[in-house]
Each structure stands twice: as structure tokens, then as C-alpha cells.
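So the structure is just underneath, and the comments pick up after that.
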Amino acid sequence: MHLSRRALLAGFASLGLTPFVAPAAALPQQSPSPGSTSRTFRIGVPARALTTDPAVTNDIETHRLGRQVYQNLIGVDEETGETIPELAIDWSFSNDGLELVLELDEDVTFHDGTELTAEVVVSNFERWGNVDELLGDEQLRQVGRLPYSVVFGGYASEDSCLLESVEATDEYTVTLTLTDPVQSLISSLTHPAFAISSPASWAAFDEALDDGLPHVPLAGTGPYRWGDTSGSTLALESVNNGNDVAVIPVPNLHERLYGLTTEQLDAFDAVSPAILRELVQSGYQVLQRDPLAVLYLGINQSHPALQDLHVRQAVAHALFRTDMVDTLHLEGSYVAHQFNPPSLLERSDGVTTYNASLSRARNLLDAAGYDGEPIEFWYPTGAERVYMTQPQKLFSYLSGRLAAAGFNIVAKPGSWHNGDYMSQVMGGSADRGLHLFGRNVYVRDPFYLLAELFEQSSAEFSWNNPTVAEALAQARVEDDADARTALLTRVEEAISLDIPAVPLTFPITALASGHDVEFYPISPVLDEQYARVRLLD
């Protein structure tokens, strides 16, 4: 059955929803070149990208768009997920693993006319290494630990940084010198934060940083250049006479469905079970990604009640995660007992699991002497994430289970707008007790996610475990695969015992495409190149 427009209008009117402005009206209109049949591909996303520079944020929407405008030295094969040449056409390590030599493509020009040279790549590495100084302490605290620090162990000014130098050894050859070999360095360089941009385009962006993360366009070498970034809709202009793209933030799940059905959208991301039936009945494609994301409940151990391990254990036992996954996630999602999905790191018997049990949770609260102290539970509003659709429903379910166990939960909704929720969670608050958050996996290495979240003490969890930090520092340089896996397994075990956060689920994420979309390049690491999208004439 195909739902009629009239039925949909009536249904959405009952929800208080109205059509949003046709996105094409907000875009600069361009006449196609002679013989061209290109048009604008309109994709609805659950939140607006926070900025145009993927190196200065952990925002998933910024990284999604960065892949369209910029390219990395190392790419990802669209079929296998393996690393492939991109701007670097070849690379080699020295025998001791302390030098990486990258050979660049000699025929690449940025959108602003700058030529790709080794000096340009060196400048990019220097920018990434000094991003802590570029942002300043306050902004850095609000965005969390950035990829350069995760991969190399610290920023350039820190003694822990393993990248000693980056040099242009000739016009198209770059040499990285390390103090210790960084394992999985090549796969880490596929992270969208390591996209190469033209240094000539940085000045205006950097100047605008005083007012927060800006949407000042940088010049890349990808199939798109930035168009209009001044409004909520972000425009991408094809540099190869292909389809332009309008990236339209539509925070509400039902409005995204409405946009697809009324042909204001060609596709939208962040599909939820709440609308799956309507999509299937209307004959739309639902393209699912393999579970390479984790949704978790963060615990702030600076909160007086949550400093007690028994209370944190009670939280874990109270959640009834299996029921949550069955009712609020797409089929194929499953409960997470650790932070890495099994496709990256097999779960060991030593990882502590917390089965659903209200009686066990109540007994733990009694043992801790918990006497109904209020615990703020933060959750985002006004937008969603690919791995977290309908966060209000997630909050309602989880807070209900916690209340049934005896917790005094205080709802604390926070707006995603302009990254407010992220900055508040990352920035820390003495009153925050619990919060919903998650990560999408970009680097197929179990080390990365653990190091990003837990190697350094952060205001998100207010948790510091020297044994975990030491094990992760060793894993960064350990070249024996079995020994490295053992280190990372011990880290997962330690996290499961101390509970700085409760992993909730490895969600299946999905995108819905309309009847005019012939092909969309779905990818578990969100390397979904819009230039490969095929639209029907």
C-alpha cells in the first residue's frame, strides 16, 4: 500500500506538523551546463553540522560532510573497508616502524587553486597537532578529545605525543618521524578529521573561532565545494558537473518521513522502528548499516551519589537493556556489554555483565545507603543522531526503569542546537549525574574508541584509572597482535568493573531513500560519497 498525500497530510496535521519550506528555495540556483541533466540531491539529516572543519570537532554531521568536500591521504575501499591510496598514492614504513614515508599524487589542485604539495601536507599536520592552542582550553574541553591526540598520544606540545616531526623531504614526499611506532596509523589516517585542506583558506576560519565553531568554508580537493553555509541548510556544489547537494537538518523523525513522502527530500538518515512500517508500506528503500556505533549511558562520578560503586552497579542492573533494544531499535541491534562491537574486539568472559534485576538494584542501593538523593539525567532535544533516534523515548524508558529501582531521577533535557548539549556534557557539571551519548566508529581498530573515551580523565565521566591509561598507552605501540588484543580486552574488563558508563546497544543505523534514488552508497563508517548517488531521470 502506498500512503496517499492526503492521508499523510491528515496524519501529520494530527501530530502538529506542517510542511517545511522546499529546500531548493533556500539554495543558490545554478543553470546546468549544456547537455547536463544534474539536479540537487536533497538529504535530510537529524542535526546540522557544527562546523566546516572536521579537525576541530567530534561532531558526526561535520564529519559526514567533510568527506564530501575534503580528501584524506589514505582512503577507505567502498566495498571491503580496507585502506586504499587517496591523496597519498603510496607509503612505506622503515624497518623499525619509526618513519612513515608518504608519496603524494602530483596532479591535485584544491578548490581555491592551491596545488597539493608536501609543504601543504606538513602544514595540515602542524594545524592538527596544535588544535589545542587553536581552540583554547574552554572550547577544547567542550569538544572532547580530538583524533590527533588519540592517535599520537597527545597534542604536539605535550610530552606524550609520539609524532616527533613531519617534513617535506621533496616536493611530493612527506616523512613522519615517530618516537615509538604507532600501530594502525594508516587506518587511523582515514578518520575524517585528517582531511587535507588548503592552508590559504584557513585565515578567515581561524579568526572566526573566537565566537565558537564557525561555518566558514575551507577549500578541499573532493568532488564538492562548499556552497551557501549561512543558513540551516548547507549547500554542496559539484565540481565535476554532477548533482549538487542540499543537506537539510530535520530534527524530528516524523518530519523527515513527511519530507520524503512529499518529495521535499530524496533521502533521510536516522530511521527508527517508529516509522519503519510506513516506509515499507510506501515502497521506500531502507538501507541498513552494520553495527559500528555504540550508544551509552554516561555516569558522572563527581556526583556525590554516583561516586559509590554500588550505586553505579545498581544503575547497570536497573536498565533492562534487552527490552529497550527490542522496542526502540531496529531489528539486528543488540545489547552492548562492552564498548567495542564484537566485529572489532571479541568480548571475553572477564567482561562483567549486569543482568536486568530490580531486586538486585534495590539491594545495592540499600548497601550504599542511597537515600533518594536527586540525580539529574541529561538527554538531548531538538535533534537526533544516527545512533540515537528519538532520545526522549530512550530517556523515558531508561528513567522509568531507574525510578522503579528506587532512584530519584530528575529530567534534564538539553538542546543539541549549536552543539550545546555536547559542550555541556563534555564540559562537565557538578549536578549532572547521567547522560545519553554515543559514538560512531570511523577507525576499524578497537584501540581508537577506548582511547578516545577513557585514556585520559575527562569531565564527561570524571573518572581516572591509571591502569587503564597505561594499558592503552602500551596498546598504541604494541606490534604483537595477540598482546595488543589482550591489553584492550583488559581495558574493557576494567571499564565493566568500574562503570564510568554503561554501554547500552550496538544499534543498526539506517537511511531511507525515495523513489527517485536509484543507488545510495551506504557505509558503516559513514564514508557515503554523495558523488556516487544515482538519481533517476
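Residue numbers -24 to -1, 1 to 513, in mature numbering (1 follows the signal peptide of the UniProt record, and there is no 0), belong to the letters of the sequence shown in order.
All C-beta atoms, glycine included, are put in the ideal place defined by N, C-alpha and C.
Beta-carbon proximity list for residue i, same chain, < 6 Å, skipping 5 on both sides
| i | result |
| --- | --- |
| VAL127 | SER164 |
| THR298 | VAL311 |
| residue 521 | In this structure the chain extends from -24 to 513, so residue 521 is not present and cannot be described. |
| THR153 | GLU75, GLU140 and SER141 |
| ARG408 | ASN276, GLU352 and TRP354 |
| GLY395 | LEU26 |
| GLU431 | ALA445 and LEU448 |
| TYR47 | Reading the sequence as shown, one finds Gln at residue 47 and not Tyr. Closer than 6 Å at the Cβ level, and outside the excluded window around GLN47, lie GLU62, LEU63, THR197 and GLY198. |
| VAL509 | PHE17 and TYR496 |
| LEU116 | ASP108 |
| ASP347 | none |
Cutoff 8 Å; reference residue i; Cβ partners in own chain excluding five residues on either side
| i | result |
| --- | --- |
| GLN314 | LEU321, ARG323, VAL327, GLU468, ILE471, SER472 and PRO479 |
| LEU252 | VAL262 and LEU306 |
| TYR506 | PHE17, ILE19, GLN44, PRO199, TYR200, LEU212, ASN219 and VAL221 |
| VAL362 | PRO22, ILE36, ASP245, ALA246, ALA269, ASN416, THR485 and LEU502 |
7 Å CB neighbourhood of residue i in its chain, flanking five on each side removed
| i | result |
| --- | --- |
| GLU213 | TYR200, ARG201, GLY203 and ASP220 |
| VAL453 | ASP156, PRO157, VAL158 and GLN159 |
| ALA184 | PRO190 and VAL192 |
| LEU236 | PHE244, TYR260, ALA488 and GLY490 |
Among the options, the one whose alpha carbon lies nearest that of residue i
| i | options | result |
| --- | --- | --- |
| PRO483 | GLN240, SER438 and ASN416 | ASN416 |
| THR28 | ASP135, VAL192 and GLY57 | VAL192 |
| ALA332 | ARG15, GLN450 and ALA380 | ALA380 |
| GLU436 | THR481, HIS279, LEU463 and LEU464 | HIS279 |
| GLN283 | SER438, ALA294, PHE86 and HIS293 | SER438 |
| VAL96 | GLY57, LEU110, LEU49 and SER174 | SER174 |
| SER125 | ALA171, GLY345, GLY105 and HIS411 | GLY105 |
| ALA387 | ARG15, LEU78, ALA337 and SER372 | SER372 |
| HIS167 | ARG265, ALA344, LEU463 and GLY42 | GLY42 |
| GLU55 | ASP186, PHE69 and ARG265 | ARG265 |
Nearest-angstrom Cα separation, counted from residue j out to residue i
| i | j | result |
| --- | --- | --- |
| SER99 | ALA180 | 16 Å |
| VAL119 | ASP146 | 36 Å |
| VAL84 | THR149 | 14 Å |
| PRO249 | VAL301 | 11 Å |
| ARG40 | ASP342 | 46 Å |
| THR357 | GLN368 | 7 Å |
| VAL107 | ALA132 | 9 Å |
| ARG103 | GLY51 | 20 Å |
| LEU374 | ALA447 | 32 Å |
| ASP325 | THR303 | 27 Å |
| TYR330 | ASN384 | 21 Å |
| THR461 | GLN450 | 11 Å |
| THR93 | ALA243 | 37 Å |
| GLY390 | PRO350 | 18 Å |
| VAL256 | ASP53 | 30 Å |
| SER12 | PRO318 | For SER12, the predicted model reports a pLDDT of 47, less than 50, meaning its position is unreliable; a value from the coordinates is still stated below. When rounded, the distance between both Cα atoms is 46 Å. |
| PHE101 | THR151 | 11 Å |
| ASN228 | ALA359 | 7 Å |
| GLU399 | VAL493 | Looking at the sequence shown, residue 399 is not Glu but Ser. Near 36 Å, if we compare the C-alpha coordinates of VAL493 and SER399. |
| HIS411 | LEU370 | 11 Å |
| GLU24 | ALA171 | Looking at the sequence itself, residue 24 is Arg, so the reference to Glu does not match. In a straight line, the C-alpha of ARG24 is about 20 Å away from that of ALA171. |
| ALA459 | LEU429 | 21 Å |
| HIS87 | HIS230 | 37 Å |
| ASP81 | GLY73 | 23 Å |
| MET364 | ARG15 | 31 Å |
| GLU79 | ALA144 | 10 Å |
| PRO476 | GLY274 | 7 Å |
With 16 other Cβ atoms within 10 Å as the buried cut-off, status of residue i
| i | result |
| --- | --- |
| GLY414 | buried |
| PRO442 | exposed |
| ALA406 | exposed |
| GLU114 | exposed |
| ASN217 | exposed |
| ASP35 | buried |
| SER9 | Residue confidence is low: SER9 scores 42 on pLDDT, short of 50, so the model does not pin down where it sits. No coordinate-derived value is stated. |
| ARG455 | One detail in the question is off: residue 455 reads as Asp in this sequence, not Arg. So ASP455 ends up on the exposed side. |
| PHE495 | exposed |
| ASN71 | exposed |
| ASP474 | buried |
| GLY89 | exposed |
| ASN440 | exposed |
| LEU512 | exposed |
| GLY376 | exposed |
| TRP112 | The sequence shown places Gly at residue 112, not Trp. Exposed, by the Cβ-count rule. |
| GLY129 | buried |
| ALA294 | buried |
heavy atom of the ligand MG below 7 Å from residue i C-beta
| i | result |
| --- | --- |
| ASN71 | The ligand MG is not among the ligands present in this structure, which contains no ligands whatsoever. |
* Per the contact definition of three or more C-beta pairs closer than 8 Å, is the segment 492 to 507 in contact with the segment 281 to 298? -> The segment 281 to 298, when compared against the segment 492 to 507, does not touch it at the 8 Å Cβ threshold.
* To do: Specify whether the segment 61 to 78 and the segment 423 to 432 touch according to this definition: at least 3 beta carbon pairs, one from each stretch, less than 8 Å apart.
  => Touching, no, given that fewer than three Cβ pairs across the two stretches are closer than 8 Å.
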